[in-house]
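As they're listed, the protein sequences go chains A, B and C.
Residue 1 is where the first sequence starts when you use my numbering, and the numbers rise one by one after that.
Residue 1 is where the second sequence starts when you use my numbering, and the numbers rise one by one after that.
Residue 1 is where the third sequence starts when you use my numbering, and the numbers rise one by one after that.
From the three backbone atoms N, C-alpha and C, an ideal C-beta is built for every residue, glycine too.
Below is one structure, written out as structure tokens, with a few remarks after it.
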Amino acid sequence: MTHPDSPTFTLGELAEQLDARLVGDAGRRVSGLATLRDATPDQVAFLANRAYFKDLPGTRAAAVLLTPELGEECPVARLELANPYLAYAALSRLFDPLASRAPGGIHPSAVVAEGARLGERVEVGPQAVVEAGVTLGDEVVVGPGCVIGADSRIGAGSRLHANVTVCHGVVIGERAILHSGCVIGGDGFGFAHDGARWHKIAQLGGVVLGDDVEVGSCSSIDRGALGDTVIGNDVKIDSQVQIAHNVQIGDHSALAGCVGIAGSTRVGKHCMLGGGVGLSGHLTLCDGVQVTGMSLVTNSILEPGVYSSGTGAMKNAQWRKNAVRFKQLDDLAKRLARLEKSGRGG
Amino acid sequence: MTHPDSPTFTLGELAEQLDARLVGDAGRRVSGLATLRDATPDQVAFLANRAYFKDLPGTRAAAVLLTPELGEECPVARLELANPYLAYAALSRLFDPLASRAPGGIHPSAVVAEGARLGERVEVGPQAVVEAGVTLGDEVVVGPGCVIGADSRIGAGSRLHANVTVCHGVVIGERAILHSGCVIGGDGFGFAHDGARWHKIAQLGGVVLGDDVEVGSCSSIDRGALGDTVIGNDVKIDSQVQIAHNVQIGDHSALAGCVGIAGSTRVGKHCMLGGGVGLSGHLTLCDGVQVTGMSLVTNSILEPGVYSSGTGAMKNAQWRKNAVRFKQLDDLAKRLARLEKSGRGG
Amino acid sequence: MTHPDSPTFTLGELAEQLDARLVGDAGRRVSGLATLRDATPDQVAFLANRAYFKDLPGTRAAAVLLTPELGEECPVARLELANPYLAYAALSRLFDPLASRAPGGIHPSAVVAEGARLGERVEVGPQAVVEAGVTLGDEVVVGPGCVIGADSRIGAGSRLHANVTVCHGVVIGERAILHSGCVIGGDGFGFAHDGARWHKIAQLGGVVLGDDVEVGSCSSIDRGALGDTVIGNDVKIDSQVQIAHNVQIGDHSALAGCVGIAGSTRVGKHCMLGGGVGLSGHLTLCDGVQVTGMSLVTNSILEPGVYSSGTGAMKNAQWRKNAVRFKQLDDLAKRLARLEKSGRGG
Numbered sequence: 001m002t003h004p005d006s007p008t009f010t011l012g013e014l015a016e017q018l019d020a021r022l023v024g025d026a027g028r029r030v031s032g033l034a035t036l037r038d039a040t041p042d043q044v045a046f047l048a049n050r051a052y053f054k055d056l057p058g059t060r061a062a063a064v065l066l067t068p069e070l071g072e073e074c075p076v077a078r079l080e081l082a083n084p085y086l087a088y089a090a091l092s093r094l095f096d097p098l099a100s101r102a103p104g105g106i107h108p109s110a111v112v113a114e115g116a117r118l119g120e121r122v123e124v125g126p127q128a129v130v131e132a133g134v135t136l137g138d139e140v141v142v143g144p145g146c147v148i149g150a151d152s153r154i155g156a157g158s159r160l161h162a163n164v165t166v167c168h169g170v171v172i173g174e175r176a177i178l179h180s181g182c183v184i185g186g187d188g189f190g191f192a193h194d195g196a197r198w199h200k201i202a203q204l205g206g207v208v209l210g211d212d213v214e215v216g217s218c219s220s221i222d223r224g225a226l227g228d229t230v231i232g233n234d235v236k237i238d239s240q241v242q243i244a245h246n247v248q249i250g251d252h253s254a255l256a257g258c259v260g261i262a263g264s265t266r267v268g269k270h271c272m273l274g275g276g277v278g279l280s281g282h283l284t285l286c287d288g289v290q291v292t293g294m295s296l297v298t299n300s301i302l303e304p305g306v307y308s309s310g311t312g313a314m315k316n317a318q319w320r321k322n323a324v325r326f327k328q329l330d331d332l333a334k335r336l337a338r339l340e341k342s343g344r345g346g
Numbered sequence: 001m002t003h004p005d006s007p008t009f010t011l012g013e014l015a016e017q018l019d020a021r022l023v024g025d026a027g028r029r030v031s032g033l034a035t036l037r038d039a040t041p042d043q044v045a046f047l048a049n050r051a052y053f054k055d056l057p058g059t060r061a062a063a064v065l066l067t068p069e070l071g072e073e074c075p076v077a078r079l080e081l082a083n084p085y086l087a088y089a090a091l092s093r094l095f096d097p098l099a100s101r102a103p104g105g106i107h108p109s110a111v112v113a114e115g116a117r118l119g120e121r122v123e124v125g126p127q128a129v130v131e132a133g134v135t136l137g138d139e140v141v142v143g144p145g146c147v148i149g150a151d152s153r154i155g156a157g158s159r160l161h162a163n164v165t166v167c168h169g170v171v172i173g174e175r176a177i178l179h180s181g182c183v184i185g186g187d188g189f190g191f192a193h194d195g196a197r198w199h200k201i202a203q204l205g206g207v208v209l210g211d212d213v214e215v216g217s218c219s220s221i222d223r224g225a226l227g228d229t230v231i232g233n234d235v236k237i238d239s240q241v242q243i244a245h246n247v248q249i250g251d252h253s254a255l256a257g258c259v260g261i262a263g264s265t266r267v268g269k270h271c272m273l274g275g276g277v278g279l280s281g282h283l284t285l286c287d288g289v290q291v292t293g294m295s296l297v298t299n300s301i302l303e304p305g306v307y308s309s310g311t312g313a314m315k316n317a318q319w320r321k322n323a324v325r326f327k328q329l330d331d332l333a334k335r336l337a338r339l340e341k342s343g344r345g346g
Numbered sequence: 001m002t003h004p005d006s007p008t009f010t011l012g013e014l015a016e017q018l019d020a021r022l023v024g025d026a027g028r029r030v031s032g033l034a035t036l037r038d039a040t041p042d043q044v045a046f047l048a049n050r051a052y053f054k055d056l057p058g059t060r061a062a063a064v065l066l067t068p069e070l071g072e073e074c075p076v077a078r079l080e081l082a083n084p085y086l087a088y089a090a091l092s093r094l095f096d097p098l099a100s101r102a103p104g105g106i107h108p109s110a111v112v113a114e115g116a117r118l119g120e121r122v123e124v125g126p127q128a129v130v131e132a133g134v135t136l137g138d139e140v141v142v143g144p145g146c147v148i149g150a151d152s153r154i155g156a157g158s159r160l161h162a163n164v165t166v167c168h169g170v171v172i173g174e175r176a177i178l179h180s181g182c183v184i185g186g187d188g189f190g191f192a193h194d195g196a197r198w199h200k201i202a203q204l205g206g207v208v209l210g211d212d213v214e215v216g217s218c219s220s221i222d223r224g225a226l227g228d229t230v231i232g233n234d235v236k237i238d239s240q241v242q243i244a245h246n247v248q249i250g251d252h253s254a255l256a257g258c259v260g261i262a263g264s265t266r267v268g269k270h271c272m273l274g275g276g277v278g279l280s281g282h283l284t285l286c287d288g289v290q291v292t293g294m295s296l297v298t299n300s301i302l303e304p305g306v307y308s309s310g311t312g313a314m315k316n317a318q319w320r321k322n323a324v325r326f327k328q329l330d331d332l333a334k335r336l337a338r339l340e341k342s343g344r345g346g
């Protein structure tokens, strides 16, 4: 979809921006990005995955981002560079209509407490609330309906989309992107039991997000019980993710949708958790661990690599037969061992 | 529960509305709906499932919705029709106090951008925000605290409950119902890795919802990376559901709570996904697929039917023994094959 | 983290509050809580778990909460009492900077409908909405951006953090704590199918929360179809939890993050559901049931105890081999039985 407000560029400008070798008309103007298959003649396409090579000959794109060795195959203008997927990422940001909007200032309906410190070119949207003691760095955007709790600090260039909640005393680094409905700094889940009922443990810690962190829609990161919940630099968190109190996530890790991490677990750097993965509390995952979708991790993982649990879907009739056998598995194993023994013995 | 503001009707009026055969006093006035067991003498009950037949003789309801062949068994007045469950659905909407509220107009505290186009009898609740370029069809209700992002379009008769977020450039059909806390059009989860760190891929696509779509509390539907995320007509989505970028859901499909669907997966028409089901990315599910609760689907499903994965809960002590055997399963299978071979050989 | 606004106390005051035996300087002033390891000389630490006994000799805390039998081992001042973890919970609430804030009254930007009944010392934050017919008990705090739907009632001493949504006709007991982004009373997921398409069943029931209930960030509790969804007293619900229509949860039960409970299921008293647990609809769990993380429960549980399902993560290469065998499990079991029979026969 080419957005009506998308900026336009010439191929020459793009080649310069991307440091790419342009083969084609430098003056040709383009207004958006698309796949090889869907691109119209005013759009740029990209070839980053050999699976889509088959779409190259028929593309109607104005130009294609690709590696030099595929250049000869391209039926239209081309921008040659080493990593077309990275170049696609860079172009996507260039064509993003949000990125080129002028900051809107403080909307008259916003409530900004006296004494809040706002940097240069800060935008606070309609109906937003900025409580006392808050610090917003330069060019921070606080979307409509957001609430920034007392004494929180948000670093320069961060953007909070609509209806984000940042609770009190939260620290967020630079260039963060927080999507609508996410909650940073709600209470962790802590109670003491007296044998009959629960007694709340006030959650006195905070949440610290590094630089370049992204948090998806409706995700929640709870504040620490005593120390802080800590999210490293360049950590990317998808939608509907739950991060419990005192969790630590190392730099550059990525968590897909619906991940849940229980209290005090530490995830290393450069880890990747698939959708719906659950990590028990008080575990350690070392750097470079990948866990596939919907796996349950109940023990620490101290060696990098790919880990999995669960079983894939099959027809229900077949599944019923197998699932009932799972409950007999220990018995089956013992019977097998007996048979082996009797066989050897006989 | 009969709500204090519920409207009341006579049995004669209900018979006419439902095109049912009334056996009983057409002038009797009723003020609500309940189960056969709980109904008070001013309420209507229904018998749609044979499991509740046992509750029929003792019911105190004013009248019962049921099929003609059960009519003789009914101890009170009755409304006979072919599908009592559908009739119950129709009556529930008739008795809904929300449905009969007069539209509230534009609340003075709402912020509606100049140039937004609002149809007839539109309601925009307190503290809501309607950004520039938005189009709201006739009789759209935007609840308190909602934010409607720039250039979005919402079809006639749609109702957004409180604190819903619709991001920029989203298209929503007619008669949609969006529940509180849901987010339509947050960014999809897209990043390019340069070997050391992540680079954001701006999500330039949008979200398109068909007519008669319902989205539950705290659910999120992410915008597409290039093309749109597309939800068909009459698709029903429960609470806490996550739908990633560029997913397509066919008409009349239903997704129960906590479902997660990864990027670019296509779900057919008339599909039903149970609670907590996870679908990997880039899959195709054909029309008429049902997946039972908490199943993981990692391969496309090209034949209609019921699919499942996982195993049901058992006592922990028993489970521990079986779960540990799961890690030996391949070994057990090989040992069994060896035994079979030696047996045949002997 | 010692919050800048934390109140301070003398050890003597703490001993009196906790009914503890103080061994040390009653006049020493402390300003916060920490672990044995992290405590600075102005903080109190606690020893509630023998696993941390090793941190006792080296602690720099001003004083330690511990049991009398460990008193002699303590290198600093001590507060002796029977249950140090409960005492820690009590102190955490004492040191909570939120607890000592003066109520803020009704913010001028809040929209409070005429006829809403507000108790003494109620606070309604900026941009919040309180609809017609609402009753707020004494000392209720409604955070910034919250929406309280028509005719709802919230009991004395309850605190709603920012951006909470309470829909119409919801009843909440005393001392509730509702965290940001949670939604109480959205529609349950109910539709009748006519063979071609879905027809909405209006959700005419409500939600009733008992006293001392806590609900985490971004959790949702749906309203009943006819009767109410009922959450007992002292029930603690973590973040990202989904509770469907007409569910009943017994007193003192605790639900960890990402739990999903389908419609009409009844959970007993003193139950504990681990993170990501899924309960099918129309089940009964008796009192005292514990279910471990990410288990799927598809049958009622009528005996107290610990229940589990699923399998833990292992290396992907190993997992692939075992997971494929799971699909052969019924076949393996039959082959084993045949071997046993032939062995006995021979």
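Listed from N- to C-terminal order along the chain, which residues in the segment 235 to 263 of chain C have their beta-carbon within a distance smaller than 8 Å of any beta-carbon of chain A? So the list reads K236, D238, S239, Q240, H252, A254, A256, G257 and C258, given in the order they occur along the chain.
Any chain A beta carbon closer than 7 Å to B/A192: It does: the Cβ of B/A192 has a partner Cβ on chain A nearer than 7 Å.
Taking B/W319 as the reference, which of C/K315, C/R325 and C/S308 has the closest Cα? Checked all of C/K315, C/R325 and C/S308; the closest Cα to B/W319 is C/S308.
Terminal residues of the beta strand (DSSP E) in which B/G185 lies: Run containing B/G185: V183 to G186, per the beta strand (DSSP E) assignment.
Hey, out of A/P108, A/G185, A/A26 and A/K54, whose CA is closest to A/T35's CA? When each option's Cα is compared against that of A/T35, the closest is A/K54.
Can you tell me which of the three DSSP states B/E303 falls into? Three-state result, B/E303: coil.
Would you mind stating whether B/V277 and B/V259 have Cβ atoms separated by less than 7 Å? In this structure, the beta-carbon distance from B/V277 to B/V259 falls below 7 Å.
Going along the segment 62 to 89 of chain C in order, which residues come within less than 8 Å of chain A, judged by CB to CB distance? Correct list: N83, Y85, L86, Y88 and A89.
At least one CB of chain C closer than 7 Å to the CB of A/M314: is that the case? For A/M314, the nearest beta carbon of chain C is closer than 7 Å to its own beta carbon.
In or out: A/H282 buried (at least 16 other Cβ within 10 Å) or exposed? The residue in question, A/H282, is exposed, as its Cβ has fewer than 16 Cβ neighbours within 10 Å.
Write down the C-beta distance between A/A62 and A/A48 rounded to the nearest angstrom, noting that I regard them as a contact closer than 8 Å. Taking the Cβ atoms as the reference, A/A62 lies roughly 17 Å from A/A48, outside the contact range of under 8 Å.
Rounding to the nearest angstrom, what Cα-Cα distance links B/L255 and B/K269 in this structure? Going by the C-alpha atoms only, they are around 12 Å apart.
Quick one: Cα of B/C74 to Cα of C/S264, how far? If I take the Cα positions, the gap works out to 26 Å.
Against chain C, does A/R197 count as a neighbour if the rule is that its beta carbon must be under 7 Å from one of theirs? It does: the Cβ of A/R197 has a partner Cβ on chain C nearer than 7 Å.
Per-residue burial, C/D228 [other beta carbons within 10 Å of its own, 16 or more giving buried]: With 16 or more other CB atoms across the displayed protein chains lying within 10 angstroms of its CB, C/D228 is buried.
Alpha carbons only, please: which of C/F189, C/G145 and C/T311 is nearest the one belonging to C/A262? Residue C/F189 is the option with its Cα nearest to C/A262.
Flag C/L302 as yes if its beta-carbon sits less than 7 Å from any beta-carbon of chain F, otherwise no. No chain F appears in this structure, whose protein chains are A, B and C.
By the DSSP assignment, the beta strand (DSSP E) with C/Q43 in it spans what residues? For C/Q43, the enclosing beta strand (DSSP E) covers residues Q43 to F46.
Backbone secondary structure at A/Q127 - three-state DSSP: Looking at A/Q127 - three-state DSSP - the assignment turns out to be coil, as it is neither helix nor strand.
A/V324, enclosing beta strand (DSSP E) - first and last residue: A/V324 -> not in any beta strand (DSSP E); alpha helix (DSSP H) instead, spanning N316 to F326.
Taking A/H168 and A/G149 to be in contact with their CB atoms under 8 Å, please state how far apart those CB atoms are, rounded to whole angstroms. Contact holds; Cβ gap of about 4 Å.
At 9 Å on the CB atoms, spell out the chain B contacts of A/E340, in chain order. From the beta-carbon of A/E340, the residues of chain B found nearer than 9 Å are R335, R338 and L339.
Between the Cα of B/S220 and the Cα atoms of B/A110, B/N233 and B/G181, which residue gives the shortest distance? Comparing Cα positions, the closest option is B/G181.
Using the three-state DSSP reduction, which class does B/D349 fall into: helix, strand or coil? An answer regarding residue 349 of chain B cannot be provided, because it is not within the stretch 1 to 346 covered by chain B.
C/F326 touches chain B at which residues, Cβ-Cβ below 7 Å? For C/F326, the neighbours in chain B by C-beta distance under 7 Å run, in chain order, L329.
Examine chain B for any beta-carbon lying closer than 7 Å to the beta-carbon of C/G278, and answer yes or no. Output row for C/G278: interface = yes.
So, using beta-carbon positions, are C/V230 and C/Q242 closer together than 7 Å? No. Outside cutoff.
Does any residue of chain B have a CB that is nearer than 7 Å to the CB of C/Y307? Output row for C/Y307: interface = yes.
What residues from chain B crowd round C/S152, counting only those whose CB sits closer than 9 Å? Here the premise fails: no neighbours, minimum Cβ distance about 11 Å.
B/G125 versus B/V44: straight-line alpha-carbon distance, rounded: B/G125 and B/V44 have their C-alpha atoms roughly 33 Å apart.
What did DSSP end up calling C/L65 once you bin it into helix, strand or coil? Note: C/L65 maps to strand in three-state DSSP.
Taking the Cβ atom as the reference point for each residue, do A/R335 and B/A202 lie within a distance shorter than 7 Å? No, the pair does not count as a contact, with Cβ atoms beyond the cut-off.
Can you give the beta carbon distance from B/Y355 to C/A192, rounded, assuming they're within the 8 Å contact cut? Any property of residue 355 of chain B remains undetermined from this structure, which presents chain B solely from 1 to 346.
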